[in-house]
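*Asks:* Okay, handing you the structure first.
In our numbering, the protein residues as written are 1 to 415.
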């Protein structure tokens with residue numbers, strides 16, 4: 001008789017694991033530091049240049065540069081010892097923020113430093129998500145990502161609130177020192193909390209190695225539709241959210257708060273309440289649910305109804321948890337860091353491009369109509385992915401060979 005290992009079924013059970021605590025705390029501190037720093041840099045660069053474009057680039061440009069990390073050095077997520085890589089990223093982040101705080105840099109130099117830190121953090125994300133799948137029992141990845149997502153949402157809210165308050169009381173440079181201190185605290189927590197594990201595979205972290213892994217991700221029929229489902233529909237809906245200010249004006253905060261509440265509720269329900277089979281079954285309708293409420297924005301609902309629609313729609317973001325869980329199961333263990341890092345970077349990049357697309361369309365079309373159009377396109381993408389995703393969930397990798405020249409993966413139907 002097979003005896004299944006006892007696994008965590010509650011958030012509190014996850015936090016009894018030392019390595020998960022270290023990963024969760026390091027991620028939370030990194031998000032808090034990045035949020036405070038982004039707000040401070042946006043304020044500083046706008047004061048120096050008067051350019052909304054440069055200010056926006058300082059705040060949101062780092063999310064776009066993550067794709068560069070996924071396409072160049074993401075293989076380091078599997079070929080470098082995780083503890084060393086994560087600690088190095090924390091140190092690099094601290095140094096970058098300290099430079100911003102200590103030196104009177106030109107605006108374009110500040111932007112370059114911010115983008116360089118974001119590039120390093122994109123590699124760190126790959127290491128973190130791959131290690132998360134390694135340190136937890138099978139079947140607990142969705143619960144752990146749910147806990148991580150909740151921390152990200154809370155830290156962003158606190159980061160903006162605390163950063164905004166500090167900017168009213170202190171010079172921008174001192175607020176940047178606060179961000180650097182937050183990043184610095186993550187260094188000893190990561191070094192002492194994460195075990196010194198070996199790299200998941202041998203090889204050099206470089207462009208060729210990264211492209212091989214990315215090519216496997218994009219060519220395998222099991223992982224390609226999952227990657228698209230994790231990035232494109234979400235990116236289009238992020239474009240809807242980017243138009244809340246043009247749509248609602250001073251009342252846009254109500255829509256953002258409702259959307260954040262919806263995402264939190266979805267993460268808790270899917271990650272904590274639903275079991276694995278129910279989680280997978282929910283992924284399909286959650287992808288549709290993410291887009292449908294935004295169709296009603298074409299009717300120009302009032303603020304209260306628009307906030308209710310946004311909150312209901314954002315519950316659908318939780319489809320990501322089930323899809324990430326499937327991606328972990330279908331990914332060769334020695335590629336898990338690179339694949340999960342590439343997925344994270346691609347999703348952030350698609351959200352950035354979705355916001356840019358929405359802004360461009362809203363230049364000539366009413367914001368409510370643009371939101372509805374993006375919702376329609378998201379629905380069409382989800383519909384086109386339905387059959388490929390069914391086929392993907394019916395396959396599992398049974399043998400993977402990584403050699404210097406190539407990787408060969410064979411798949412088999414699930415019994």
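Here a beta-carbon is modelled for each residue, glycine too, at the ideal position from N, C-alpha and C.
Counting C-beta neighbours from all protein chains within 10 Å, is the total for residue 174 16 or more, i.e. buried, or is it exposed?
*Replies:* To locate residue 174, count along the chain shown from 1; it is residue 174. With a 10 Å radius around the Cβ and a threshold of 16 neighbouring Cβ atoms, residue 174 comes out exposed.
*Asks:* Does DSSP put residue 4 in a helix, in a strand, or in coil?
*Replies:* Position 4 of the chain shown, counted from the start, is the residue given in the question as residue 4. Below a pLDDT of 50, predicted positions are generally treated as unreliable, and residue 4, at 41, falls in that range; no measurement from the model is reported.
*Asks:* Buried or exposed for residue 94, please, with buried defined as at least 16 other CB atoms from any protein chain shown within 10 angstroms of its CB.
*Replies:* On the chain shown, residue 94 is found 94 positions in, with the first residue counted as 1. Buried is the call here.
*Asks:* Can the beta-carbon of residue 82 be found less than 7 angstroms from the beta-carbon of residue 212?
*Replies:* Position 82 of the chain shown, counted from the start, is the residue given in the question as residue 82. Position 212 of the chain shown, counted from the start, is the residue given in the question as residue 212. Cβ distance not < 7 angstroms, so residue 82 and residue 212 don't count as in contact.
*Asks:* Taking the beta carbon of residue 138 as the centre, do at least 16 other beta carbons fall within 10 Å, making it buried, or is it exposed?
*Replies:* Against the chain shown, residue 138 aligns to sequence position 138. With fewer than 16 other Cβ atoms within 10 Å, it is exposed.
*Asks:* So, with DSSP's three-state summary, where would you put residue 342?
*Replies:* Against the chain shown, residue 342 aligns to sequence position 342. Residue state, collapsed to three classes: helix.
*Asks:* So, is residue 278 buried or exposed, given that buried needs 16 or more other C-beta atoms within 10 angstroms?
*Replies:* Numbered from its first residue, the chain shown carries residue 278 at position 278. Residue 278 is exposed by the Cβ-count criterion.
*Asks:* Can you tell me the Cα-Cα spacing of residue 371 and residue 314, whole angstroms?
*Replies:* What you label residue 371 is simply residue 371 of the chain shown in a count that begins at 1. What you label residue 314 is simply residue 314 of the chain shown in a count that begins at 1. Answer to the nearest angstrom: the Cα atoms are 14 angstroms apart.
*Asks:* In this structure, how does DSSP classify residue 27 when only helix, strand and coil are distinguished?
*Replies:* For the purposes of this step, residue 27 is taken as residue 27 along the chain shown, with counting starting at 1. The answer is helix: DSSP assigns residue 27 an H, G or I state.
*Asks:* Out of 377, 355, 283, 373, state which residue places its alpha-carbon closest to the alpha-carbon of residue 299.
*Replies:* In the chain shown, the residue the question calls residue 299 occupies position 299. Looking at the Cα atoms, 373 is the closest of the given residues.
*Asks:* Return the first residue and the last residue of the alpha helix (DSSP H) that residue 91 is part of.
*Replies:* Translated into the one-based positions of the chain shown, residue 91 becomes position 91. Per DSSP, residue 91 belongs to the alpha helix (DSSP H) from 82 to 102.
*Asks:* Helix, strand or coil, according to DSSP, for residue 106 in the structure here?
*Replies:* Position 106 of the chain shown holds residue 106. In this structure, DSSP gives residue 106 a state outside helix and strand, which the three-state scheme calls coil.
*Asks:* Considering only the beta carbon of each residue, do residue 348 and residue 243 sit closer than 7 angstroms?
*Replies:* For the purposes of this step, residue 348 is identified with residue 348 of the chain shown, where counting begins at 1. For the purposes of this step, residue 243 is identified with residue 243 of the chain shown, where counting begins at 1. No, the Cβ-Cβ distance between residue 348 and residue 243 is not below 7 angstroms.
*Asks:* Who are the near neighbours of residue 200 in its chain, counting only those whose CB is closer than 6 angstroms to its CB and skipping five residues on each side?
*Replies:* Working through the chain shown from its first residue, we reach residue 200 at position 200. Cβ within range, chain order: 78, 334.
*Asks:* Please report how far the alpha carbon of residue 114 lies from the alpha carbon of residue 58, in whole angstroms.
*Replies:* Stepping through the chain shown from its first residue, residue 114 is reached at position 114. Stepping through the chain shown from its first residue, residue 58 is reached at position 58. Rounded to the nearest angstrom, the two C-alpha atoms are 7 angstroms apart.
*Asks:* What span of residues does the alpha helix (DSSP H) with residue 138 cover, start to end?
*Replies:* The count along the chain shown starts at 1 and reaches residue 138 at position 138. Neither: residue 138 is in no alpha helix (DSSP H) and is coded neither H nor E.
*Asks:* Can you give me the C-alpha to C-alpha distance between residue 11 and residue 132, rounded to a whole angstrom?
*Replies:* Taking the first residue of the chain shown as 1, we reach residue 11 at position 11. Taking the first residue of the chain shown as 1, we reach residue 132 at position 132. In a straight line, the C-alpha of residue 11 is about 14 angstroms away from that of residue 132.
*Asks:* Among 295, 126, 37, which one has its Cα closest to the Cα of residue 182?
*Replies:* Stepping through the chain shown from its first residue, residue 182 is reached at position 182. Cα-wise, what sits closest to residue 182 is 37.
*Asks:* Helix, strand or coil for residue 47, going by three-state DSSP, please let me know.
*Replies:* Numbered from its first residue, the chain shown carries residue 47 at position 47. Here residue 47 sits in helix by DSSP.
*Asks:* At which residues does the alpha helix (DSSP H) containing residue 262 begin and terminate?
*Replies:* Position 262 of the chain shown holds residue 262. Residues 252 to 268.
*Asks:* Counting pairs of Cβ atoms below 8 angstroms between the region 64 to 74 and the region 315 to 331, do you hit three or more?
*Replies:* no
*Asks:* With a threshold of 6 angstroms on Cβ separation, who are the neighbours of residue 149 within its own chain once the five nearest residues in sequence on each side are excluded?
*Replies:* As a first step, residue 149 must be located in the chain shown, where it is residue number 149. If we look at residue 149 and ignore the five residues flanking it on each side, its Cβ neighbours are 267.
*Asks:* Any idea if residue 281 is buried or exposed, counting beta-carbon neighbours within 10 angstroms, 16 or more meaning buried?
*Replies:* Locating residue 281 in the chain shown gives position 281, counting from the first residue. Result: exposed.
*Asks:* Residue 363: buried (16+ other C-beta within 10 angstroms of its C-beta) or exposed?
*Replies:* Within the chain shown, residue 363 is the residue found at index 363, counting from 1. Under this definition residue 363 is an exposed residue.
*Asks:* Kindly list the residues whose CB is nearer than 6 angstroms to the CB of residue 271, restricted to its own chain and excluding five residues on each side of it in sequence; keep chain order.
*Replies:* Along the chain shown, one-based indexing puts residue 271 at 271. So the qualifying residues of the chain are 142, 143, 146, 321.
*Asks:* Counting along the chain, where does the alpha helix (DSSP H) carrying residue 247 start and finish?
*Replies:* For this step, residue 247 is matched to residue 247 along the chain shown. Where residue 247 is concerned, the enclosing alpha helix (DSSP H) stretches over 244 to 248.
*Asks:* In chain order, what residues of the same chain lie with their CB nearer than 7 angstroms to the CB of residue 259, ignoring the 5 residues before and after it?
*Replies:* Sequence index remark: in the chain shown, residue 259 carries index 259 (1-based). For residue 259, where only same-chain residues beyond five positions count, the Cβ hits under 7 angstroms are 241, 310, 311, 314.
*Asks:* Thinking C-alpha only, which one of 367, 110, 304 is nearest residue 295?
*Replies:* As a working mapping, residue 295 is identified with position 295 in the chain shown. Ranking the options by Cα distance to residue 295, first place goes to 367.
*Asks:* Who are the near neighbours of residue 158 in its chain, counting only those whose CB is closer than 7 angstroms to its CB and skipping five residues on each side?
*Replies:* As a working note, residue 158 is residue 158 in the chain shown. Once the five neighbours on either side are set aside, the close Cβ partners of residue 158 are 32.
*Asks:* For the alpha helix (DSSP H) containing residue 333, list its first residue and its last residue.
*Replies:* Within the chain shown, residue 333 is the residue found at index 333, counting from 1. Where residue 333 is concerned, there is no enclosing alpha helix (DSSP H), given that its DSSP letter is neither H nor E.
*Asks:* Closest to residue 342 by C-alpha separation, out of 124, 185, 172, would be which residue?
*Replies:* Looking up residue 342 in the chain shown gives position 342. Comparing Cα positions, the closest option is 124.
*Asks:* To the nearest angstrom, report how far apart residue 22 and residue 361 are at their CA atoms.
*Replies:* One-based indexing of the chain shown puts residue 22 at position 22. One-based indexing of the chain shown puts residue 361 at position 361. Straight-line Cα distance between these residues: approximately 43 angstroms.
*Asks:* CB-CB under 7 angstroms to residue 288, same chain, minus the five flanking residues each way: which ones, in chain order?
*Replies:* Indexing the chain shown from 1 puts residue 288 at position 288. Hits under 7 angstroms: 379, 382.
*Asks:* If I'm right that residue 184 touches residue 30 with Cβ under 8 angstroms, what's the distance once you round it to whole angstroms?
*Replies:* For the purposes of this step, residue 184 is identified with residue 184 of the chain shown, where counting begins at 1. For the purposes of this step, residue 30 is identified with residue 30 of the chain shown, where counting begins at 1. Contact flag wrong, Cβ pair sits at about 11 angstroms.
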